[in-house]
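Residue numbering for the sequence shown follows the UniProt record's numbering, starting at 1 and increasing by one per position. Working notes, beginning with the structure itself.
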Amino acid sequence: MSPDTSSAPLLELRQLSVDIGQGASAVRVVRDVSLTVRRGEAVALVGESGSGKSMTAFAVMRLFPTPQARVAGGQVLLAGEDLTALDAAALRQVRGARVGMVFQDPTSYLDPLVQVGKQIAEPLRAHGRTEGLQARVVELLDLMELPRAAQVARQYPHELSGGMRQRVLIAAALALQPALLIADEPTTALDVTVQSGILKLLVRLRRELQLGILLITHDLGVVAETCQQVNVMYAGEIVERRPVVPLFEQPLHPYTQGLLGSMLSPASRAHALFSIPGGVPAAGRWPTGCRFHPRCPIAQPGVCDVVEPQLVQRLGGEDRCHFGGEPVALHAWEKQE
Ligand SMILES: Nc1ncnc2c1ncn2[C@@H]1O[C@H](COP(=O)(O)OP(=O)(O)OP(=O)(O)O)[C@@H](O)[C@H]1O
Numbered sequence: 001m002s003p004d005t006s007s008a009p010l011l012e013l014r015q016l017s018v019d020i021g022q023g024a025s026a027v028r029v030v031r032d033v034s035l036t037v038r039r040g041e042a043v044a045l046v047g048e049s050g051s052g053k054s055m056t057a058f059a060v061m062r063l064f065p066t067p068q069a070r071v072a073g074g075q076v077l078l079a080g081e082d083l084t085a086l087d088a089a090a091l092r093q094v095r096g097a098r099v100g101m102v103f104q105d106p107t108s109y110l111d112p113l114v115q116v117g118k119q120i121a122e123p124l125r126a127h128g129r130t131e132g133l134q135a136r137v138v139e140l141l142d143l144m145e146l147p148r149a150a151q152v153a154r155q156y157p158h159e160l161s162g163g164m165r166q167r168v169l170i171a172a173a174l175a176l177q178p179a180l181l182i183a184d185e186p187t188t189a190l191d192v193t194v195q196s197g198i199l200k201l202l203v204r205l206r207r208e209l210q211l212g213i214l215l216i217t218h219d220l221g222v223v224a225e226t227c228q229q230v231n232v233m234y235a236g237e238i239v240e241r242r243p244v245v246p247l248f249e250q251p252l253h254p255y256t257q258g259l260l261g262s263m264l265s266p267a268s269r270a271h272a273l274f275s276i277p278g279g280v281p282a283a284g285r286w287p288t289g290c291r292f293h294p295r296c297p298i299a300q301p302g303v304c305d306v307v308e309p310q311l312v313q314r315l316g317g318e319d320r321c322h323f324g325g326e327p328v329a330l331h332a333w334e335k336q337e
């Protein structure tokens, strides 16, 4: 089935901002992020560590890892309903039932003392279902392509491989048939062959269940295998947003070009052309003008260090660069080192 892109967005972030801390000491870690996920569509949020991807994902369900973090502005629309207006109890009803979530390290989200089948059934119980739990668990494990599902349901987490544990967590996330899955680095902790199996599973689930997926990753290889739309994030902002094929064929923002050049070659998984020099600035210590300018080989003094670029529509997407579309030569990155 092809994605149903005619329907209203399943998830729409509108000018979403996240702060850590209050008042004068508040640090804005996510600024005015807008993005859309439709049913049957996988949308990537990609960028280096510290760019604000996870904070954006946590903001959807207000499940922040730190109590100091809060949604500071904007809207989170789920099928048109603004989740930022819901109180904690109403939001709990949405979690699991309408939005499933999986994270990087499956081990830390599973109770080592409880059989995995019981853990998959937990969201069903929490939402009041008491009948047919075992059959539903086996059905879910089958859907996750785990052989001998009934037997796996009786096993404990330590008896399963990392890839199997992640499949168990995806099963639990989808137990209540949510329309949206948020997956934050779901394969980062797994080795490459296991990673590829999980990505194929996500692609199949997206197609068969018409699932919308928001996939958070630092790895453009993962994006290429899985997603239709890509949002590139840097220093708390979206810097480029385009469908996956044009993004890979002709990246417009120098940061996207840098990320692509620093990807491991798919053939060898070994040699990247280079790595982008420097690192993402600490939250709140954003450079003036374009936040990427200190690392950018084509930054122009007097422009990029002074004027904040806005997202501009270009070539079927958007990018935030005063000189967007200018190809950055390989040697220009090397000179930056
Ligand atoms: N618990 C916390 N307390 C204070 N600041 C935090 C906390 N967690 C994250 N941050 C800051 O918020 C900013 C965004 O972090 P976030 O985790 O969203 O980035 P990310 O792109 O998802 O990176 P990673 O892949 O490493 O998780 C970073 O500057 C980070 O230092």
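Using N, Cα and C, we set each Cβ at its ideal position, and we do this for glycine too.
Query, Result
"Neighbourhood of residue 166 by C-beta distance below 6 angstroms, restricted to the same chain and skipping five residues each side", "106, 198"
"Residue 302 versus residue 295: straight-line alpha-carbon distance, rounded", "16 angstroms"
"Cβ contact check for the segment 63 to 80 and the segment 42 to 53: 3 or more pairs under 8 angstroms", "no"
"Cβ contact (3+ pairs, closer than 8 angstroms) linking the segment 22 to 32 and the segment 92 to 100", "no"
"Burial state of residue 331 (16 or more Cβ within 10 Å)", "exposed"
"Where residue 243 falls: helix, strand or coil (DSSP)", "strand"
"For residue 95, three-class secondary structure by DSSP", "strand"
"Limits of the unbroken alpha helix (DSSP H) element including residue 142", "133 to 143"
"Coarse secondary structure for residue 308, derived from DSSP in three states", "coil"
"Coil, strand or helix - residue 75 by DSSP", "strand"
"With 16 other Cβ atoms within 10 Å as the buried cut-off, status of residue 253", "buried"
"From 304, 323, 17, 221, residue whose alpha carbon lies closest to that of residue 237", "17"
"Nearest to residue 19 (by Cα), restricted to the options 12, 8, 32, 113", "32"
"Cβ pair residue 183, residue 215 closer than 7 angstroms", "yes"
"Simplified DSSP assignment, three categories, for residue 263", "coil"
"Given 8 angstroms, three or more beta-carbon pairs between the segment 107 to 118 and the segment 147 to 163", "yes"
"C-beta contact flag for residue 223 and residue 230 at 7 angstroms", "yes"
"At least 3 beta-carbon pairs within less than 8 angstroms: the segment 240 to 255 vs the segment 317 to 329", "yes"
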